[in-house]
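To start, the structure itself, in structure tokens.
What follows is the structure in structure tokens.
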């Protein structure tokens with residue numbers, strides 16, 4: 443017998459029929475003798491409607507009341523699922539975040555989990571009861587409802603798994619696992635049986651939408667073993683073996699020690715949410731970088747790739763960097779306010795760019811990964827605008843029109859195509 447946390451997103455509980463399907467997945471694990479807790483999101487579209495109502499009422503609304511509104515979607519889902527489980531003979535009880543309790547900080551709308559007391563839920567699970575827990579929400583220091591931000595239900599599930607000392611956390615989505623790249627672009631993309639926390643964290647932060655970044659970070663810190671599965675599999679599909687070596691129907695996210703055969707490159711990710719900013723003819727003198735990036739940091743604007751080129755006159759420099767597209771307007775505003783102090787002649791921006799990344803823990807012990815990337819792109823006539831690297835990834839910025847060509851070419855170049 444194992445202790446299992448199962449998480450189902452909004453598309454998996456979009457209507458009563460899908461909630462019944464979820465209940466059958468839960469029943470399968472209960473019938474196998476496992477202790478089960480379920481974490482669910484609001485029904486698809488519900489949170490968007492709640493947010494729209496809050497904004498329509500008052501564009502500048504109280505963050506505490508906003509959290510009270512948007513947290514209500516999960517309350518409906520947990521009660522419906524608990525009722526359905528009871529209908530099919532499974533003892534179940536719904537739990538809101540404050541009832542667990544899931545304690546968070548006071549950052550309403552983007553709260554971070556600080557502690558989960560799983561004592562009562564563990565006791566109930568030991569008696570055979572399924573706990574159906576609202577994702578996305580918790581309770582702050584002032585005993586007000588808080589929410590964790592978009593994708594917060596994944597984070598809730600991992601935190602609950604850590605709090606309950608679960609053997610595994612299954613994340614059910616509308617895909618059947620983590621692929622070597624987006625299968626909508628590359629038909630030969632392969633589903634990975636296992637992927638390390640570090641690789642999954644890079645893939646999530648670099649454009650892969652399968653798991654929310656914060657949930658992977660939390661899983662890595664607490665060593666929670668995650669499995670990505672499809673909620674649209676047959677409800678009686680066999681579950682994975684709970685031992686370290688078992689391969690299941692989805693993708694297991696785990697310690698790299700559990701991965702016997704480590705690929706040099708495990709996947710190709712891409713992100714279209716990038717914007718390029720170039721400051722033309724910045725004075726080339728000490729402290730100029732601090733005057734550029736200091737105000738951006740003060741305004742919580744994340745900067746990724748940075749390139750500095752010496753201009754023709756040798757006395758000035760062109761500084762290029764990338765920011766999230768959603769932050770471009772704010773970044774421009776911040777730079778223009780500091781333009782006189784920075785001393786740049788012109789500010790150029792470009793949103794028609796994409797960041798393409800190759801990721802793999804095998805890079806630590808293999809040379810030539812970046813060379814293969816640069817050579818492959820050159821052969822396809824794709825110009826590289828910027829480069830960043832880390833221990834297990836190489837990212838390049840290219841024109842967005844070459845996205846599919848670059849991803850397909852790199853997938854083949856690193857031997858990731860399915861046979």
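In the numbering used here, the protein residues as written are 443 to 861. Just so it is clear, CB atoms sit at the ideal spot from N, CA and C, and this is done for glycine as well. From a predicted model like this one, the values you see are computed outputs, not experimental measurements.
> Nearest to residue 851 by alpha carbon, out of 808, 738 and 630?
Replying inline: 630
> Based on the DSSP secondary-structure assignment, which residues constitute the bridge partners of residue 790?
Replying inline: Per DSSP, 720.
> In this structure, what does DSSP give as the bridge partners for residue 751?
Replying inline: 760
> CB-CB under 8 angstroms to residue 471, same chain, minus the five flanking residues each way: which ones, in chain order?
Replying inline: Hits under 8 angstroms: 446, 448, 478 and 681.
> So the beta strand (DSSP E) residue 498 belongs to, where does it begin and stop?
Replying inline: Note, residue 498: premise wrong, no beta strand (DSSP E); alpha helix (DSSP H) at 488-499.
> What is the rounded straight-line gap between the Cα of residue 699 and the Cα of residue 634?
Replying inline: 16 angstroms
>> Taking the alpha-carbon of residue 596 as reference, which of 825, 658, 827 and 617 has the nearest alpha-carbon?
In response: 658
> Using the beta-carbon count (16 or more within 10 Å), is residue 656 buried or exposed?
Replying inline: buried
>> Could you pull the DSSP bridge partners for residue 479 from this structure?
In response: 447 and 573
>> For residue 621, list the residues DSSP reports as bridge partners.
In response: Paired residues: 633.
>> Whole angstroms are fine: how far does the CA of residue 723 sit from the CA of residue 751?
In response: 10 angstroms
>> I'd like the list of long-range same chain contacts for residue 637, defined as Cβ closer than 7 angstroms, with 5 residues on each side in sequence excluded.
In response: 620, 693, 695 and 708
> What span of residues does the alpha helix (DSSP H) with residue 729 cover, start to end?
Replying inline: Looking at the DSSP string, residue 729 is not in any alpha helix (DSSP H), and its letter there is neither H nor E.
> Any idea if residue 556 is buried or exposed, counting beta-carbon neighbours within 10 angstroms, 16 or more meaning buried?
Replying inline: Exposed, because fewer than 16 other Cβ atoms sit within 10 Å of the Cβ of residue 556.
>> Below 8 angstroms on the Cβ atoms is my contact criterion, and I expect residue 517 with residue 492 to pass it. Report the Cβ-Cβ distance as a whole number of Å.
In response: Contact doesn't hold; Cβ gap of about 11 angstroms is too wide.
>> Runs of 3 residues minimum, wholly inside the segment 485-564: which ones carry the beta strand (DSSP E) assignment?
In response: 534-537, 544-546 and 555-558
>> Less than 8 angstroms between C-beta atoms, sequence neighbours within five positions excluded: which residues of the same chain meet that for residue 853?
In response: Setting aside the 5 residues that flank it on each side, residue 853 is surrounded in the same chain by 622, 623, 628, 630, 631, 710 and 859, each with a C-beta closer than 8 angstroms to its C-beta; the list follows chain order.
>> Restricting to Cα atoms, I'd like to know which of 789, 460 and 482 is closest to residue 759.
In response: 789
> How should residue 671 be labelled, buried or exposed, when 16 other C-beta atoms within 10 angstroms of its C-beta is the threshold for buried?
Replying inline: buried
>> Just list the residues that DSSP pairs residue 773 with in beta bridges.
In response: Per DSSP, none; premise fails for residue 773.
> Out of curiosity, what's the CA-to-CA distance linking residue 848 and residue 742?
Replying inline: 31 angstroms
>> Any contact between the segment 725-741 and the segment 766-786? By contact I mean 3 or more CB pairs, one from each, below 8 angstroms.
In response: yes
> Does the beta-carbon distance from residue 450 to residue 513 come in below 8 angstroms?
Replying inline: Result no, Cβ atoms of residue 450 and residue 513 do not sit closer than 8 angstroms.
> Is the beta carbon of residue 550 sitting closer than 8 angstroms to the one on residue 505?
Replying inline: yes
>> Measuring straight from C-alpha to C-alpha, what distance separates residue 828 and residue 591?
In response: 31 angstroms
> What is the rounded straight-line gap between the Cα of residue 794 and the Cα of residue 768?
Replying inline: When only Cα atoms are considered, residue 794 and residue 768 end up about 13 angstroms apart.
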